[in-house]
């Protein structure tokens, strides 16, 4: 019984991540929108914005996007998925998710990495594999079900949940002006972590634009 419930939860999580936002806009909708988050200007592909209510130019507190990986193109028009067909149509996650939110002077990602996370690390550390180091968080900490990955070249830091009933997912944060960018991607992608790190760098540069 518990196994069946876990499987349903796993399908529900993947369905939520890939669930489309319908009504992406008419034929005259602009390809890109100038959006200000935390006073920082971004030039965002309208087709990549996940929520219809966020699909407008001007100031916003937060905006959520997704991009196909590894092409980094906005997702194409999705096929309609119903509750009855979600099991049959569900595919592995093939996109990288991004949330851009005003940080309001909260602790910067670099500061959390340097001063907060090390307090919760397990004493044991793994040897770097292909330049990527993994540290486990202690089970009695707020991050007890996660591991922390870091690398220097290209630069990467990520907190990742462990594979369980649902596949492990990673969060990687960076600060750009008045906004924090949070990337979300499957933990399994870390087997090609250099490609993922470079993809996040490219997306950050593309969304800022030449005048960002």
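Residue numbers (the working numbering): 23 to 234.
Note that CB positions come from ideal geometry on N, CA and C, so glycine has one too.
Exercise for review: Name the two residues that bound the continuous beta strand (DSSP E) containing residue 158.
Suggested key: 155-159
**Study point:** Burial state of residue 93 (16 or more Cβ within 10 Å)
**Key:** exposed
**Study point:** In DSSP terms, what residue 86 is bridged to
**Key:** 121
Check your understanding: Can the beta-carbon of residue 207 be found closer than 8 Å to that of residue 198?
Key -> no
Check your understanding: What number of angstroms, rounded off, separates the C-alpha of residue 86 from the C-alpha of residue 177?
Key -> 23 Å
Check your understanding: Which whole-angstrom value describes the C-beta separation of residue 200 and residue 61, a residue pair presumed to lie in contact below a C-beta threshold of 8 Å?
Key -> 4 Å
**Study point:** Integer Cβ distance of residue 142 from residue 163, believed to fall under 8 Å
**Key:** 4 Å
Point to revise | Pair within 8 Å by beta-carbon distance, residue 66 and residue 54 | key: yes
Exercise for review: Rounded to whole angstroms, what's the CA-CA distance from residue 166 to residue 179? Just pull it up for me.
Suggested key: 17 Å
Exercise for review: Just confirm the distance between the C-beta atoms of residue 136 and residue 202, as a whole number of angstroms; I'd bet it's less than 8 Å.
Suggested key: With a Cβ gap of about 16 Å, residue 136 and residue 202 do not count as contacting.
Point to revise | Nearest candidate by alpha-carbon position, reference residue 186, set 168, 125 and 195 | key: 168
Check your understanding: How would you write the range of the beta strand (DSSP E) that residue 169 sits in, first residue to last?
Key -> 168-174
**Study point:** Backbone CA spacing between residue 125 and residue 223 [nearest angstrom]
**Key:** 19 Å
Review point. Nearest to residue 120 by CA position, among 161, 138 and 72, is which residue?
Key: 72
Review point. Is residue 225 helix, strand or coil when you go by DSSP?
Key: helix
Practice item. May I have the straight-line CA-CA distance separating residue 173 from residue 160, to the nearest angstrom? Key: 21 Å
Review point. To which residues of the same chain is residue 216 closer than 7 Å at the C-beta, ignoring the five residues directly before and after it?
Key: 176
**Study point:** Among 69, 97 and 226, the one whose alpha carbon lies nearest that of residue 52
**Key:** 69
Check your understanding: Hey, how far is the Cα of residue 184 from the Cα of residue 191?
Key -> 7 Å
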